[in-house]
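Participant: First the structure, then my questions, so here it is.
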Amino acid sequence: MKKGHQVTMKEIAKKLGVSVSTVSRALKDSPELHPDTKKRIVEMAKSMNYQYNLLAQSLRISKSKVLGVIVPELTSHFFSSNISGIQDTAYKRGYNIMICQSNENYDQEKANIKTLVSSQVDGLLISLSRETKNYDHLRELYDREIPFIMFDRVTEEIPVSKVTVDDAHGAYLAVHHLLEQGCRKIAYISGPEDLYISKKRKEGYLDALKEYGIPESESKVYITDLTTEMNRKVTLDMLEDKERPDAIFAMIDPLAIDILMVLKEKGVKIPEDIALAGFTNNPTSAVIEPSLTTVSQPGYEMGQIAANHLLDQLDDLVSDEPQSFVLHTTLIPRNSSKKIKTK
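Numbered continuously in UniProt numbering, the sequence shown closes out at residue 343.
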């Protein structure tokens with residue numbers, strides 16, 4: 001153990017094979033626990049030189065009744081839906097929320113966390129920025145035993161509860177649909193490879209190809225940083241490929257819309273020349289021309305579940321042990337991928 005390391009309740013719980021909430025109750029001398037269990041936990045805490053985190057405890061006792069929320073961008077319809085679900089749930093349970101935007105920037109995300117913790121929020125709900133590849137700031141939160149949950153943009157490296165959609169299955173639905181239309185050279189245009197959703201949606205893309213007997217070696221994956229400039233460049237590069245695709249699956253709808261604009265600009269007919277599908281079901285997707293085939297994900301419900309679970313943890317209604325909530329997705333076929341003839 002590193003010099004100066006402060007032992008946490010999570011480490012004691014792991015040593016004894018019990019939940020963090022059990023350790024917490026034992027150290028508070030709760031009458032609910034069996035005396036032998038309590039004794040075993042207290043002795044282990046002493047042997048590990050555990051020092052009770054008085055700051056964390058004081059924050060739990062004198063609750064601010066405020067939750068901190070960090071999203072990559074406020075203008076996104078999906079993240080706005082998340083926030084609505086969080087806010088409505090928090091309000092019903094007597095809480096307010098403080099909202100911060102990372103602007104898809106790692107340093108801003110760290111600054112947001114620092115600001116919210118300094119404001120003594122009771123817990124945090126975090127969706128990671130596309131730049132976030134280092135998770136030390138989240139490990140620090142975890143080690144300090146500050147309650148937080150991740151949603152949508154998550155990492156599997158930090159053992160906290162997470163709320164996501166079934167990204168792999170949603171991507172599978174979109175690509176399977178394109179295959180059913182007769183498309184065989186389907187490209188996947190992805191966001192940064194380190195993003196959880198990039199990986200999971202690629203997984204679904206490859207699963208659908210495999211089901212149709214198309215090997216991974218014939219897959220076409222293009223990477224963008226999700227800025228409009230890079231989205232355009234990647235699309236133009238794709239159009240210059242000798243093996244031009246006959247369909248594109250875009251990781252998110254805003255990316256799909258950028259792709260659609262480039263295709264139209266270059267005189268590519270959609271879906272006759274290239275079919276197109278996205279993921280998110282942004283309101284714009286239904287009104288552009290042609291309307292965009294997409295995958296709907298329940299953003300409002302995601303916010304509700306994330307907020308409810310965090311509040312249940314704060315109120316000791318559930319264990320602090322990490323849980324994973326995975327919500328279902330739905331394919332919405334539209335004109336950008338209508339039935340085309342197999343060549």
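The C-beta atom is built at its ideal place from N, Cα and C for all residues, glycine as well.
This one's a predicted model, so the numbers in the text were calculated from it and none came from an experiment.
List the DSSP bridge partners of V69.
Facilitator: Walking along the sequence shown from the start, residue 69 turns up at place 69. Answer is I99, L125, bridged to V69.
Participant: Out of L173, Y196, V165, state which residue places its alpha-carbon closest to the alpha-carbon of I158.
Facilitator: Locating residue 158 in the sequence shown gives position 158, counting from the first residue. Measuring from the Cα of I158, the nearest candidate turns out to be Y196.
Participant: Taking Cβ positions, are Q181 and S337 nearer each other than 8 Å?
Facilitator: Within the sequence shown, numbered from 1, the residue matching residue 181 stands at position 181. Within the sequence shown, numbered from 1, the residue matching residue 337 stands at position 337. Yes, these two residues count as a Cβ contact at 8 Å.
Participant: So, helix, strand or coil for F279, using DSSP?
Facilitator: In the sequence shown, residue 279 corresponds to position 279, counting from 1. The answer is coil: DSSP assigns F279 none of H, G, I, E or B.
Participant: In whole angstroms, give me the CA-to-CA distance for I214 and E203.
Facilitator: As a working mapping, residue 214 is identified with position 214 in the sequence shown. As a working mapping, residue 203 is identified with position 203 in the sequence shown. About 14 Å.
Participant: Would you decide whether L59 is buried or exposed? Buried here means 16 or more other CB atoms lie within 10 Å of its CB.
Facilitator: In the sequence shown, residue 59 corresponds to position 59, counting from 1. Only weak support exists for where L59 lies, its pLDDT of 45 falling under 50; the value from the coordinates is given anyway. That one is buried.
Participant: Quick one: Cα of V268 to Cα of I274, how far?
Facilitator: As a working mapping, residue 268 is identified with position 268 in the sequence shown. As a working mapping, residue 274 is identified with position 274 in the sequence shown. V268 and I274: Cα-Cα distance of roughly 7 Å.
Participant: Between the Cα of L178 and the Cα atoms of L138, E240, P271, K39, which residue gives the shortest distance?
Facilitator: Working through the sequence shown from its first residue, we reach residue 178 at position 178. Ranking L138, E240, P271, K39 by Cα distance to L178 puts P271 first.
Participant: Among V262, L255, K210, which residue has its Cα nearest to the Cα of S76?
Facilitator: For the purposes of this step, residue 76 is taken as the residue at position 76 of the sequence shown. Measuring from the Cα of S76, the nearest candidate turns out to be L255.
Participant: For V154, which option in V163, P147, K114 has the closest C-alpha, if you only look at C-alpha atoms?
Facilitator: Locating residue 154 in the sequence shown gives position 154, counting from the first residue. The shortest C-alpha separation from V154 is found at V163.
Participant: Alpha carbon to alpha carbon, how far is V287 from G170?
Facilitator: Here residue 287 corresponds to residue number 287 of the sequence shown, with the count starting at 1. Here residue 170 corresponds to residue number 170 of the sequence shown, with the count starting at 1. One C-alpha to the other measures close to 22 Å.
Participant: Return yes when the Cβ of L67 is within less than 8 Å of the Cβ of Y95, no when it is not.
Facilitator: Translated into positions along the sequence shown, residue 95 becomes position 95. Translated into positions along the sequence shown, residue 67 becomes position 67. Contact: yes.
Participant: With which residues is F78 paired in a DSSP beta bridge?
Facilitator: Reading the sequence shown from its first residue, position 78 is the one you call residue 78. Partner(s): none; F78 has no beta bridge.
Participant: Ignoring anything shorter than 4 residues or poking outside the stretch 109–178, list the alpha helix (DSSP H) runs there in chain order.
Facilitator: Whole alpha helix (DSSP H) segments, 4+ residues: 136–143.
Participant: Are S127 and M98 close, meaning C-beta to C-beta below 8 Å?
Facilitator: One-based indexing of the sequence shown puts residue 127 at position 127. One-based indexing of the sequence shown puts residue 98 at position 98. In this structure, M98 does not lie closer than 8 Å to S127 by Cβ.
Participant: Y106 by DSSP, collapsed to three states: which one?
Facilitator: For the purposes of this step, residue 106 is taken as residue 106 along the sequence shown, with counting starting at 1. Helix at Y106.
Participant: Please go through the same chain and pick out, in chain order, the residues whose beta-carbon is closer than 6 Å to the beta-carbon of T167, but skip the five residues on each side of it.
Facilitator: As a position in the sequence shown, residue 167 is number 167, starting the count at 1. The amino acid occupying residue 167 in the given sequence is Asp; Thr does not appear at that position. Cβ within range, chain order: I197, K200, R201.
Participant: Provide the residue span of the beta strand (DSSP E) that contains Y222, from first to last.
Facilitator: For the purposes of this step, residue 222 is taken as the residue at position 222 of the sequence shown. Unbroken beta strand (DSSP E) run through Y222: 220–223.
Participant: How far does the alpha helix (DSSP H) with V23 in it extend, from its first residue to its last?
Facilitator: Indexing the sequence shown from 1 puts residue 23 at position 23. Note, V23: alpha helix (DSSP H), 20–27.
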